[in-house]
Amino acid sequence: MGPWSDLEPEMPRYPLDDGTVEALLRGAVSPDDAPPELRHAAALVASARRGPEGDELRGADAAVAGFAVAALHAAGTPDHPRRRPMRRKLMSARVLAIAAPVALLGAGTAAAAADALPAPAQAAASSALAHLDVSVPNPNDNGNAGHGAPLNTSKGKGPDASANSPATFGLCTAFTAGGLSDHSVAYRNLYNAAPSHDIATYCAGVISAHQSSVNGGANDNGTGSGNQPNGNQGSDNAPDNGTGSAPFTTPPVSVPSKGKPSSTPPSGVPSSRP
Amino acid sequence: MIDDFDRVLEAAGAGEEWAAAVLFRAFQPPLLRYLRWQEPSVADDVAAETWLALAGQIARFDGDEAALRAWIFAVARKRLADHRRRAARRKTDPVSPEELLDNPGGPDPAEVTADSLSAQEAIAELTAALSRDQAEVLVLRVVGGMSVEEVARALGKRPGTIRVLQHRALRRLVQHPALADVLAPEV
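Residue numbers (the numbering used here), protein chains in the order written: chain A, 1 to 274; chain B, 1 to 187.
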């Protein structure tokens with residue numbers, strides 16, 4: 001019989017002051033040291049905060065590779081001015097030259113590759129590579145959020161290379177980087193789509209248009225204004241809405257901008273928190 | 001905590017795999033736990049989309065580890081809402097009554113000890129007796145490692161509301177009838 005057993009059932013069995021609550025939630029209360037009333041809660045919190053376990057890091061290598069390629073690509077877009085050494089620029093082109101054709105494989109081949117990887121890694125990698133072709137993802141974009149969705153490919157047909165196709169930028173990127181074999185289906189589609197079969201001119205226009213849209217659509221990526229310092233703006237104006245019973249008043253997801261484009265590395269001084 | 005976070009952030013923004021791996025190892029497990037708690041069927045996809053969103057923005061990110069963590073969870077939550085909205089429109093994600101009956105939602109807390117639970121099971125038990133609001137606050141705080149203010153921003157609520165919700169959640173957790181049986185013999 002515990003010391004609180006004679007209390008009303010609705011009465012707190014243990015005085016949960018704010019400090020205790022904070023400590024519990026931060027995992028700062030060791031189950032072994034916790035008062036008996038809080039021991040189980042502290043143990044659950046500790047378990048919930050444990051390091052990686054089970055399949056949580058399954059396929060990390062592929063996911064990390066996809067992330068790195070996508071980050072590199074994004075860093076090279078005009079709204080991410082970043083001075084990079086020539087070696088890295090070359091690496092960038094090489095990576096894209098390798099990655100783009102992979103991303104441009106027909107759906108059948110891609111699916112086969114997908115089966116060869118664990119699901120989370122495959123999802124991350126395929127999503128990253130696929131989205132390489134259409135610019136950075138848009139958290140507000142409901143239509144193309146599914147991984148791999150932009151590559152509207154079907155087996156044997158290759159990606160759509162028409163000017164309106166989201167895959168065209170990827171095709172042109174690969175072409176410009178020299179990573180598109182002229183024997184590939186993707187190349188053929190690009191060739192067919194280009195007026196007068198002038199791929200170079202066609203792709204120059206596509207890339208230019210893409211870069212303009214990236215610049216112009218900087219606020220269309222779910223990250224709020226690039227000028228917002230640290231995403232601290234109120235969320236009352238969040239465009240998102242509820243989804244059933246859950247209160248999904250989604251915040252304006254905001255990536256704090258460095259404010260001024262700079263070719264110098266960040267100062268290393270975190271600015272978002274006191 | 002990530003050692004030398006600023007250097008990792010800078011390198012990840014430049015596409016350095018080692019830095020991406022550091023971020024992935026630090027944030028993927030809690031991210032998956034949150035998403036699997038919310039919506040297991042799409043958790044992996046939403047996590048992948050979240051990483052992709054991060055990859056596209058990380059070169060511009062300027063903040064500390066906690067801020068990045070909060071950003072990741074906010075994006076994941078937004079993506080999840082998008083998935084749910086699309087699923088609701090399509091209405092092609094039926095769950096049979098038998099399936100629901102076979103999946104009662106976690107282990108019986110009276111039959112397990114916290115140490116024997118996986119992280120995912122611990123989250124399920126943490127939130128089993130809570131309202132949806134309370135549960136999400138608790139998961140974002142415990143698993144997401146977010147502060148009261150960060151959770152408030154993510155959920156569009158006031159910090160004071162979050163404090164009330166988390167306080168009630170923990171009080172309820174401590175009072176959980178099944179837990180009372182577990183706890184009483186300890187004294």
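We put the beta carbon where it would ideally sit given N, CA and C, even for glycine.
- Secondary structure note for residue 162 of chain B: its alpha helix (DSSP H) is the uninterrupted segment 159-175.
- Identification of chain B residues near residue 54 of chain A by a Cβ-Cβ cut-off of 7 Å yields 118, ordered along the chain.
- Residue 79 of chain B places its beta carbon less than 9 Å from that of residue 53 of chain B.
- Nearest to residue 1 of chain B by C-alpha distance, out of B:68, B:130, B:127, B:173, is B:68.
- Contacts between residue 62 of chain A and chain B, judged by CB atoms closer than 8 Å, are missing: the closest CB pair is about 11 Å apart.
- Residues of the same chain with a CB within less than 7 Å of the CB of residue 199 of chain A, apart from the 5 flanking positions on each side, are 175, 190, 191 in chain order.
- With its beta carbon less than 9 Å from one in chain B, residue 21 of chain A belongs to the interface.
- Between residue 158 of chain B and residue 134 of chain B, the CB-CB gap reaches or exceeds 9 Å.
- Residue 28 of chain A counts as exposed, since fewer than 16 other C-beta atoms from the protein chains shown sit within 10 angstroms of its C-beta.
- Nearest C-alpha to residue 61 of chain A among B:33, B:42, B:22: B:22.
- For the options B:70, B:60, B:44, the alpha carbon positioned closest to that of residue 58 of chain A is the one of B:44.
- Taking all protein chains shown into account, residue 170 of chain A has 16 or more neighbouring C-beta atoms within 10 Å of its C-beta and is therefore buried.
- Buried is the label assigned to residue 51 of chain B, since at least 16 other Cβ atoms lie within 10 Å of its Cβ.
- Residues of chain A whose Cβ lies closer than 8 Å to the Cβ of residue 166 of chain B are, in chain order, 21, 25.
- Contact annotation: in the segment 1-27 of chain B, residues whose CB is within less than 7 Å of a CB in chain A are 6, 10, 12, 13, 14, 15, 16, 17, 20, 21, 24, 25.
- Within its own chain, the residues whose Cβ lies closer than 8 Å to the Cβ of residue 39 of chain B, once the five positions on either side in sequence are excluded, are 46, 80, 83, 84, listed in chain order.
- Taking 9 Å as the cut-off, the beta carbon of residue 73 of chain B is found no closer than this to the beta carbon of residue 156 of chain B.
- The DSSP assignment places complete alpha helix (DSSP H) segments of no fewer than 4 residues inside the segment 18-63 of chain A at 18-25, 36-48, in order along the chain.
- Rounded to whole angstroms, residue 122 of chain B and residue 35 of chain A show a C-alpha spacing of 19 Å.
- At least one CB of chain B lies nearer than 9 Å to the CB of residue 65 of chain A.
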